[in-house]
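What follows is a single structure, written as structure tokens, with notes after it.
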Amino acid sequence: MEVSLKTRLGPIELSHPVINASGTFDVLSADLVLEEDLFDRFPFSAYVPKTVTLKPRRGNPPPRLYETAAGLLNSIGLANAGIDAFIREDLPRLAQLPVPVIASVAGESTDEYGACAGLMEGRPEVAAVELNVSCPNLELGGRALGLDPERTHRTVALAREATSKFLIVKLTPNVTDIVEIASAAVDAGADALSLINTVHGMALDRYHLKPVLGHLSGGLSGPAIKPVALRAVFLVSRAFASLPIIGMGGVTDGQDALEFLAAGAAAVAVGTASFRDPLAAAGIANELRKLMQERGIGSVAELSGLAQR
123 MEVSLKTRLG
133 PIELSHPVIN
143 ASGTFDVLSA
153 DLVLEEDLFD
163 RFPFSAYVPK
173 TVTLKPRRGN
183 PPPRLYETAA
193 GLLNSIGLAN
203 AGIDAFIRED
213 LPRLAQLPVP
223 VIASVAGEST
233 DEYGACAGLM
243 EGRPEVAAVE
253 LNVSCPNLEL
263 GGRALGLDPE
273 RTHRTVALAR
283 EATSKFLIVK
293 LTPNVTDIVE
303 IASAAVDAGA
313 DALSLINTVH
323 GMALDRYHLK
333 PVLGHLSGGL
343 SGPAIKPVAL
353 RAVFLVSRAF
363 ASLPIIGMGG
373 VTDGQDALEF
383 LAAGAAAVAV
393 GTASFRDPLA
403 AAGIANELRK
413 LMQERGIGSV
423 AELSGLAQR
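Take the sequence shown: its letters are residues 123 to 431, numbered as in our numbering.
Below is the structure:
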């Protein structure tokens, strides 16, 4: 049987449901070092650049990465050159990609999220805006805005007021009730949700028995968090059946993608797996097609939410 991998995020049509997680695939750097011509044979159906903030950020002190038994701890701290540099230097090159670009933005205050979203409004290169409400925020003493439903609502509302672009809100799993946070985002005007971001974690040096990361703790990604991510996607999708969801957290092969879509996602994002294989997404999409064919599932729309029916 023929299988169609086409899917939609609101007005954005994707040729297949595999995109990248923000901050895990630097296409502008990778295109310079890989033999593959990434702009001609791009592995993702949409591209999400690294999260940018209103002002430049130096990020956290090193070490920033540590491999665990089933994943990766990172404490990058949203290091970036700022949104003005992103618009001036990166967007013109990213516009040459053969897929939609989803700009990921964050701020140190709720007002900064609105300002960043507003700066994306007049950019034709940007198909959608992702609000990363999972990062540390000065208004909450260094905690993520996405931990608090009221702050989440205000943040999304300000961004919604500032832009008419398709608005995706990226949620943290480090909460008691992720459906409550999702509800606040949806009520404030989110068009789609992306979940989950990393899970809080720490690692100790085996000899010195001191924290390995320069920032003491970080975010855990990779296969270890897949059960947490699947549950979050299932619960949020069940609560908001018509809302597009991007599922992520340990997607390493076609089976993982199949399960996230069945749990209710419309698309999946690959993050940690791209560090091992920058072209992993292409293989994941091909595996997904075969698995759907084996099960007699003809489209992503037919697969999405299957676990709930």
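Virtual Cβ for every residue (Gly too), placed ideally from N, Cα, C. These numbers come from a predicted model, not from an experiment.
Burial state of residue i (16 or more Cβ within 10 Å)
i	result
residue 222	buried
residue 334	buried
residue 162	exposed
residue 215	exposed
residue 193	buried
residue 288	buried
residue 381	buried
residue 260	A caution first: residue 260 carries a pLDDT of 48, below 50, which makes its placement in the model unreliable, though a value can still be read off. Flag for residue 260 reads exposed.
residue 415	exposed
residue 432	The requested residue 432 is not part of the displayed model; the chain covers only 123 to 431.
residue 123	exposed
residue 188	buried
residue 280	buried
residue 376	buried
residue 374	buried
residue 131	buried
residue 402	buried
Assumed close pair residue i, residue j - CB separation to whole angstroms, cut-off 8 Å
i	j	result
residue 345	residue 372	4 Å
residue 314	residue 365	6 Å
residue 126	residue 421	5 Å
residue 139	residue 383	6 Å
residue 173	residue 388	The Cβ separation is near 21 Å, so there is no contact.
residue 255	residue 293	7 Å
residue 249	residue 141	Rounded, the Cβ-Cβ distance is 11 Å, inconsistent with contact.
residue 213	residue 243	That belief does not hold up - the Cβ atoms of residue 213 and residue 243 are roughly 13 Å apart, past 8 Å.
Check whether residue i and residue j have beta carbons under 9 Å apart
i	j	result
residue 209	residue 179	no
residue 320	residue 342	yes
residue 232	residue 205	no
residue 336	residue 195	no
residue 318	residue 290	no
residue 392	residue 143	yes
residue 152	residue 400	yes
residue 257	residue 200	yes
residue 303	residue 274	yes
residue 379	residue 409	yes
residue 368	residue 350	no
residue 312	residue 241	no
residue 325	residue 296	no
residue 305	residue 361	yes
Closest Cα partner of residue i within the set the options
i	options	result
residue 268	228, 287, 173	228
residue 207	183, 238, 282, 168	238
residue 301	310, 359, 368	359
residue 203	220, 177, 191, 243	177
residue 149	165, 136, 187	165
residue 147	415, 129, 234, 394	394
residue 284	236, 200, 155	236
residue 441	417, 418, 385	Here the chain comprises residues numbered 123 to 431, so residue 441 is not present and cannot be evaluated.
residue 272	298, 191, 282, 307	307
residue 310	190, 132, 282, 189	282
residue 160	184, 134, 218	218
residue 404	299, 137, 419	137
residue 327	133, 154, 190	190
residue 181	234, 197, 362	197
heavy atom of the ligand FMN below 8 Å from residue i C-beta
i	result
residue 426	Within the structure as shown, the ligand FMN is missing, as the structure has no ligands at all.
Checklist entry - Taking the runs of the beta strand (DSSP E) that are 3 residues or longer, which of them lie wholly in the segment 253-323? => result The qualifying runs are 288-292, 314-317, 321-323.
Checklist entry - In the segment 343-387, which residue ranges form an unbroken alpha helix (DSSP H) of at least 4 residues, counting only runs that do not cross its ends? => result Segments of the alpha helix (DSSP H) lying fully in the segment 343-387: 348-361, 376-385.
Item to check | Runs of alpha helix (DSSP H) wholly within the segment 169-232 (minimum 4 residues, chain order) | outcome: Correct list: 213-216.
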